[in-house]
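Structure first, commentary second.
Protein chains: 2
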Amino acid sequence: MGEREKGVTTITVENAKLFVFDSLKALGTSDEAATLCAEVLIEADRRGHFSHGMNILHKILIDMMHSLIDPRAQPEILLQSPSTAWVDGKNGLGPVVADFCMSLAIKKAKEVGFGVVSAKCSSNPSIMGYWSEYALKHECIGLAFTNAAAMMVPTRAKEGAVGPNPIAFAAPSHGNDSFSLDMATSTVSGGKIEICRRKREPLVKGWAFNEQGILETDSEIAVKKMLLVPLGGLENTAGYKGYGLSCMVEIFCGILSGSKYGAQLDVWSERRTETADVGHCFMAINIENFAPYFRDRLNDLLLSLRKCEPVDQAKPVLIPGDPARMHRKKVAKQQGIRYSQQQINTCQVFANMLRIKPLQCQTSN
Amino acid sequence: MGEREKGVTTITVENAKLFVFDSLKALGTSDEAATLCAEVLIEADRRGHFSHGMNILHKILIDMMHSLIDPRAQPEILLQSPSTAWVDGKNGLGPVVADFCMSLAIKKAKEVGFGVVSAKCSSNPSIMGYWSEYALKHECIGLAFTNAAAMMVPTRAKEGAVGPNPIAFAAPSHGNDSFSLDMATSTVSGGKIEICRRKREPLVKGWAFNEQGILETDSEIAVKKMLLVPLGGLENTAGYKGYGLSCMVEIFCGILSGSKYGAQLDVWSERRTETADVGHCFMAINIENFAPYFRDRLNDLLLSLRKCEPVDQAKPVLIPGDPARMHRKKVAKQQGIRYSQQQINTCQVFANMLRIKPLQCQTSN
Numbered sequence: 001m002g003e004r005e006k007g008v009t010t011i012t013v014e015n016a017k018l019f020v021f022d023s024l025k026a027l028g029t030s031d032e033a034a035t036l037c038a039e040v041l042i043e044a045d046r047r048g049h050f051s052h053g054m055n056i057l058h059k060i061l062i063d064m065m066h067s068l069i070d071p072r073a074q075p076e077i078l079l080q081s082p083s084t085a086w087v088d089g090k091n092g093l094g095p096v097v098a099d100f101c102m103s104l105a106i107k108k109a110k111e112v113g114f115g116v117v118s119a120k121c122s123s124n125p126s127i128m129g130y131w132s133e134y135a136l137k138h139e140c141i142g143l144a145f146t147n148a149a150a151m152m153v154p155t156r157a158k159e160g161a162v163g164p165n166p167i168a169f170a171a172p173s174h175g176n177d178s179f180s181l182d183m184a185t186s187t188v189s190g191g192k193i194e195i196c197r198r199k200r201e202p203l204v205k206g207w208a209f210n211e212q213g214i215l216e217t218d219s220e221i222a223v224k225k226m227l228l229v230p231l232g233g234l235e236n237t238a239g240y241k242g243y244g245l246s247c248m249v250e251i252f253c254g255i256l257s258g259s260k261y262g263a264q265l266d267v268w269s270e271r272r273t274e275t276a277d278v279g280h281c282f283m284a285i286n287i288e289n290f291a292p293y294f295r296d297r298l299n300d301l302l303l304s305l306r307k308c309e310p311v312d313q314a315k316p317v318l319i320p321g322d323p324a325r326m327h328r329k330k331v332a333k334q335q336g337i338r339y340s341q342q343q344i345n346t347c348q349v350f351a352n353m354l355r356i357k358p359l360q361c362q363t364s365n
Numbered sequence: 001m002g003e004r005e006k007g008v009t010t011i012t013v014e015n016a017k018l019f020v021f022d023s024l025k026a027l028g029t030s031d032e033a034a035t036l037c038a039e040v041l042i043e044a045d046r047r048g049h050f051s052h053g054m055n056i057l058h059k060i061l062i063d064m065m066h067s068l069i070d071p072r073a074q075p076e077i078l079l080q081s082p083s084t085a086w087v088d089g090k091n092g093l094g095p096v097v098a099d100f101c102m103s104l105a106i107k108k109a110k111e112v113g114f115g116v117v118s119a120k121c122s123s124n125p126s127i128m129g130y131w132s133e134y135a136l137k138h139e140c141i142g143l144a145f146t147n148a149a150a151m152m153v154p155t156r157a158k159e160g161a162v163g164p165n166p167i168a169f170a171a172p173s174h175g176n177d178s179f180s181l182d183m184a185t186s187t188v189s190g191g192k193i194e195i196c197r198r199k200r201e202p203l204v205k206g207w208a209f210n211e212q213g214i215l216e217t218d219s220e221i222a223v224k225k226m227l228l229v230p231l232g233g234l235e236n237t238a239g240y241k242g243y244g245l246s247c248m249v250e251i252f253c254g255i256l257s258g259s260k261y262g263a264q265l266d267v268w269s270e271r272r273t274e275t276a277d278v279g280h281c282f283m284a285i286n287i288e289n290f291a292p293y294f295r296d297r298l299n300d301l302l303l304s305l306r307k308c309e310p311v312d313q314a315k316p317v318l319i320p321g322d323p324a325r326m327h328r329k330k331v332a333k334q335q336g337i338r339y340s341q342q343q344i345n346t347c348q349v350f351a352n353m354l355r356i357k358p359l360q361c362q363t364s365n
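Chains as they are written, first to last, in this note's numbering: chain F, 1 to 365; chain W, 1 to 365.
Here it is in structure tokens:
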């Protein structure tokens, strides 16, 4: 029973998934692939990562309409060894490529202890944490990386040259508990800057640069060029580490796989004329190949972190994965995901265009 | 011909290595192990990472005198699969354990594409970048991680609970060029705060906390508790990412290997009564198992980054590894490494105690 917010509509998880499924099906995607894409996009929204959920659906659909994403593509292994694989995503849907590669990495980890798979010719796979977490039910640690449009400004530079390339890492603890880090290597993602602009709020100093290479707090100015600050900020607070981590991810993704890399990767817009050719990398490590009682030790570490004395009693210490879990609970309590009117309108435009059932806006009660 | 600085003595690389070698030999280390330790410690100083070079020698020697480090220990494989190994460092010298594990990871990568080795019961291995770079001459990407004393304050917390656990990543480009990231996951290492205190300089805001959980700029206060800020700073500039990365490294090192982890790891002091039981993790990926022309693509990426338009023409854009290369050149030009009088005095004390040839202070010209 959600409270009403002005200009916000609550959509049940099932209805949100159904809309993604129907729209992808309308453009020729198989049932299996459409289900998978609906699952990951709406999971992003359930976790509060709105920039990677329903918000990217229209861009995927436009790319499919322009034959830049092939809805029927099946990823292909180009080269493999017992613990590695090089994959061609065949310009398929990002989630289809990611599902194929992460499953393969886990299979290899179960066989020889470790699996690493690098893929070229893919497209946006939504949240990387969804893929690293595949490993959790297989007694594995999972890692997932992707390269992204070159919006991050290297330390000392004046221009974007590498992406805010994310790192996702998941490890199993007791029961359903886990450690799940899913982070851009920039201080914040472009999505967070977009949100500030929409709300007409200033940015925190340290999120974005302007064209002069100076930190910019005006969200209206920052959003135009989207020059992201590396994790760590300026040079005197070690921003070169965030820049270095972004390059590390680029080496795992673009350089290992032979996809586009660095400044070759454009910002994803409706005007794109070339395939995205994004690169990813996925890894799985079988924890059974190391010291016994891994889950006990991780559980103990996580407990000790959550029990740390906080500066402010109202803000307890969290572990990576907790904020997403909290947002998921909020969605359950609200009986749905809250989308902006702008998002609802975009879905309506595509429902008409594709002649599918519109997004069902009634909440379940 | 180095300029003279007050209270600073230039020592040739050979003489510095010889002193480390002799002092370790005096306490029963084999020729091979003493050579290895001398090589990595003095390489740290050549790169300008003084907190990991000659500066840690006396602590190693004291631990050996107290039987907390076994100078003759040989690491042992406890469990292995084609791509993984779990190793017991047997409380040996950190560099001996690191050399054993990284060599094993590379061997596995050459056999099955990927190798990962996690070790317990080790001690300080000096700079992790030295070990990740082992991979470069074997057509491999190398990664090296270690856990460390719990001096990093988790986001929202008031106390240290995880280490500034470093990430080292190296990848081969053309010729001798490479990408080599070697970074603590805190904004700065404790060593940088020590240096400011010694010079009576304030800290940059964002390097350390005080006991109230507030950013501290007085180096005299900060050095007492050594509460390091995670990479990213406070919560609104994504310090939880640096904290998350530190935990990731802890999972690779302490949780996988069964060594000490988190707050179990004490600050390394002369008063230590237990073995360090530090955990490490090493990985190697054979680049020949992925898209051909890896080195060409990496060279192209590195060139494009170094050619970025800088904000300040006097400060060109660098890639990870460049500052260490520049410091190495400086040492070559100075014909030696410049040590503080305090460092020279410490060496003299240990030379007397161990009855070895003192550190030779004459430069070669």
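Even for Gly, the Cβ is constructed at its ideal location relative to N, Cα and C.
Problem set entry | 8 Å Cβ cut-off: residues of chain F touching Val188(W) | As a working note, residue 188(W) is residue 188 in the second sequence. Those within 8 Å of Val188(W) in chain F are Ala238.
Problem set entry | Environment of Asp45(F) [buried if 16+ CB atoms lie within 10 Å] | Taking the first sequence and counting its residues from 1, one reaches residue 45(F) at position 45. It counts as buried.
Exercise. So which residues of chain F does Ile287(W) contact, with C-beta pairs closer than 8 Å?
Worked result: Here residue 287(W) refers to the residue found at position 287 when the second sequence is read from its first residue. Those are Leu256, listed as they occur along chain F.
Exercise. DSSP three-state call for Ile312(F): helix, strand or coil?
Worked result: By 1-based counting over the first sequence, the position of residue 312(F) is 312. The sequence given here places Asp at residue 312(F); Ile does not occur at that position. DSSP places Asp312(F) in coil when its eight states are reduced to three.
Exercise. Expressed to the nearest angstrom, what Euclidean distance is found between the alpha-carbon atoms of Asp296(W) and Met183(F)?
Worked result: Taking the first residue of the second sequence as 1, we reach residue 296(W) at position 296. Taking the first residue of the first sequence as 1, we reach residue 183(F) at position 183. The C-alpha of Asp296(W) lies about 29 Å from the C-alpha of Met183(F).
Problem set entry | Chain-ordered chain F contacts of Tyr383(W) [CB-CB under 7 Å] | Because chain W in this structure spans residues 1 to 365, residue 383(W) falls outside the shown range and cannot be described.
Problem set entry | Inter-residue Cα distance where the pair is Ser364(W) and Gln335(W) | Position 364 of the second sequence, counted from the start, is the residue given in the question as residue 364(W). Position 335 of the second sequence, counted from the start, is the residue given in the question as residue 335(W). Residue placement at Ser364(W) is flagged as unreliable, the pLDDT there being 44, under the threshold of 50; a coordinate-derived value is accordingly withheld.
Exercise. Where do the N-terminal and C-terminal ends of the beta strand (DSSP E) with Val278(W) fall, by residue?
Worked result: Position 278 of the second sequence, counting from 1, holds the residue named residue 278(W). First-last of the beta strand (DSSP E) with Val278(W): Val278 to Asn286.
Exercise. For the ligand COA, any of its heavy atoms closer than 7 Å to the Cβ of Ser219(F)?
Worked result: What this structure holds is no ligand at all, so the ligand COA is not there to describe.
Exercise. Between Pro71(F) and Thr275(F), what straight-line distance do the alpha-carbon atoms span, to the nearest angstrom?
Worked result: Position 71 of the first sequence, counted from the first residue, corresponds to residue 71(F). Position 275 of the first sequence, counted from the first residue, corresponds to residue 275(F). So the alpha carbons of these two residues sit roughly 13 Å apart.
Exercise. Is Ile141(W) close to chain F, meaning its C-beta is less than 8 Å from at least one C-beta of that chain?
Worked result: The residue labelled residue 141(W) in the question sits at position 141 within the second sequence. Ile141(W) counts as touching chain F.
Exercise. Which residues, in order along the region 151-168 of chain W, keep a beta-carbon less than 8 Å from a beta-carbon of chain F?
Worked result: Listed in sequence order: Pro154, Thr155, Arg156, Ala157, Lys158, Glu159, Ala161, Val162 and Ile167.
For this session: Kindly indicate which three-state DSSP category Gln341(W) falls into: helix, strand or coil?
Result: The residue labelled residue 341(W) in the question sits at position 341 within the second sequence. In the structure shown, Gln341(W) sits in a helix (DSSP, three-state: H, G or I).
Exercise. Around the Cβ of Gln343(W), are there at least 16 other Cβ atoms within 10 angstroms (buried) or fewer (exposed)?
Worked result: Taking the first residue of the second sequence as position 1, residue 343(W) is located at position 343. Looking at its Cβ environment, which holds 16 or more other Cβ atoms inside 10 Å, Gln343(W) is buried.
Problem set entry | Residue-level contact to chain F via CB, Thr84(W), 8 Å cutoff | Walking along the second sequence from the start, residue 84(W) turns up at place 84. Yes, contact with chain F.
For this session: Below 7 Å between beta carbons is the criterion; list the residues of the region 62-85 of chain F that meet it against any residue of chain W, in chain order.
Result: Answer set for the region 62-85 of chain F: Leu79, Ser81, Pro82, Ser83 and Thr84.
Exercise. Hey, does Ser103(F) have any beta-carbon neighbour from chain W nearer than 8 Å?
Worked result: Stepping through the first sequence from its first residue, residue 103(F) is reached at position 103. With 8 Å as the cut-off, Ser103(F) does not count as an interface residue toward chain W.
Exercise. Does the region 228-242 of chain F come within contact of the region 194-206 of chain W, defined as at least 3 CB pairs closer than 8 Å?
Worked result: Segments in contact, yes.
For this session: Give a yes or no on whether the C-beta atoms belonging to Ser186(W) and Gly254(W) are separated by under 8 Å.
Result: Position 186 of the second sequence, counted from the first residue, corresponds to residue 186(W). Position 254 of the second sequence, counted from the first residue, corresponds to residue 254(W). Not closer than 8 Å, so no.
Exercise. Once you ignore the five residues that flank Tyr130(W) on each side, which residues in its own chain have a CB closer than 6 Å to its CB?
Worked result: Numbered from its first residue, the second sequence carries residue 130(W) at position 130. Cβ contact annotation for Tyr130(W) (same chain, cutoff 6 Å, sequence separation greater than five): Val40 and Glu43, in chain order.
Problem set entry | Bounding residues of the beta strand (DSSP E) (the contiguous stretch that carries Pro95(F)) | Walking along the first sequence from the start, residue 95(F) turns up at place 95. No beta strand (DSSP E) holds Pro95(F); the alpha helix (DSSP H) holding it covers Gly94 to Val112.
Exercise. Hey, is the region 138-146 of chain W in contact with the region 52-59 of chain W, meaning 3+ C-beta pairs nearer than 8 Å?
Worked result: No contact exists between the region 138-146 of chain W and the region 52-59 of chain W.
For this session: Label Ser269(F) either buried or exposed according to how many other C-beta atoms from any shown protein chain fall within 10 Å of its C-beta, with 16 as the threshold for buried.
Result: Within the first sequence, residue 269(F) is the residue found at index 269, counting from 1. By the 10 Å Cβ count, Ser269(F) comes out exposed.
Exercise. For a contact meaning CB atoms closer than 8 Å, what does Glu250(W) contact in chain F?
Worked result: Here the question's residue 250(W) lines up with position 250 in the second sequence. Within 8 Å Cβ-Cβ: Leu301.
For this session: May I have the straight-line CA-CA distance separating Phe294(W) from Lys357(W), to the nearest angstrom?
Result: The count along the second sequence starts at 1 and reaches residue 294(W) at position 294. The count along the second sequence starts at 1 and reaches residue 357(W) at position 357. Between Phe294(W) and Lys357(W), the C-alpha separation is close to 48 Å.
Problem set entry | Per-residue DSSP class, three states only, for Trp86(F) | Locating residue 86(F) in the first sequence gives position 86, where the first residue counts as 1. Strand at Trp86(F).
For this session: Indicate whether at least one CB of chain W lies closer than 8 Å to the CB of Ser30(F).
Result: Residue numbering aside, residue 30(F) sits at position 30 when the first sequence is read from its first letter. Contact of Ser30(F) with chain W is not assigned, every C-beta pair being separated by 8 Å or more.
Exercise. Of the choices Glu220(F), Asp300(F) and Tyr134(F), whose alpha-carbon is the least far from that of Ala98(F)?
Worked result: Against the first sequence, residue 98(F) aligns to sequence position 98. Per the Cα distances, Tyr134(F).
Exercise. Where do the N-terminal and C-terminal ends of the alpha helix (DSSP H) with Gly129(F) fall, by residue?
Worked result: Position 129 of the first sequence, counting from 1, holds the residue named residue 129(F). Where Gly129(F) is concerned, the enclosing alpha helix (DSSP H) stretches over Met128 to Ser132.
For this session: Would you check if there are 3 or more beta carbon pairs closer than 8 Å linking the region 81-92 of chain F to the region 105-118 of chain W?
Result: Using a Cβ-Cβ distance cut-off of 8 Å, the region 81-92 of chain F and the region 105-118 of chain W are in contact, since at least three pairs of beta carbons, one from each stretch, lie closer than that value.
Exercise. From Phe350(W) to Cys101(W), what does the alpha carbon distance come to, in whole angstroms?
Worked result: What you label residue 350(W) is simply residue 350 of the second sequence in a count that begins at 1. What you label residue 101(W) is simply residue 101 of the second sequence in a count that begins at 1. The straight-line gap from Cα to Cα measures roughly 30 Å.
Exercise. Closest Cβ-Cβ distance between Glu309(F) and chain W: below 8 Å?
Worked result: By 1-based counting over the first sequence, the position of residue 309(F) is 309. Yes, Glu309(F) counts as interfacial toward chain W.
Exercise. So which residues on chain F does Gly244(W) lean against when the C-beta distance must stay under 7 Å?
Worked result: On the second sequence, residue 244(W) is found 244 positions in, with the first residue counted as 1. Within chain F, the residues whose beta carbon sits less than 7 Å from that of Gly244(W) are Leu181, Met183 and Pro320, listed in sequence order.
Exercise. Which term fits His280(W), buried or exposed, when burial requires 16 or more other beta carbons within 10 angstroms of its beta carbon?
Worked result: Taking the second sequence and counting its residues from 1, one reaches residue 280(W) at position 280. His280(W) is buried by the Cβ-count criterion.
For this session: Compare the C-beta of Ser23(F) against all C-beta atoms of chain W and say whether one is closer than 8 Å.
Result: Position 23 of the first sequence, counted from the start, is the residue given in the question as residue 23(F). Closer than 8 Å: no.
Exercise. At a Cβ threshold of 8 Å, is Leu305(W) touching chain F?
Worked result: In the second sequence, the residue the question calls residue 305(W) occupies position 305. It does; some Cβ of chain F falls within 8 Å.
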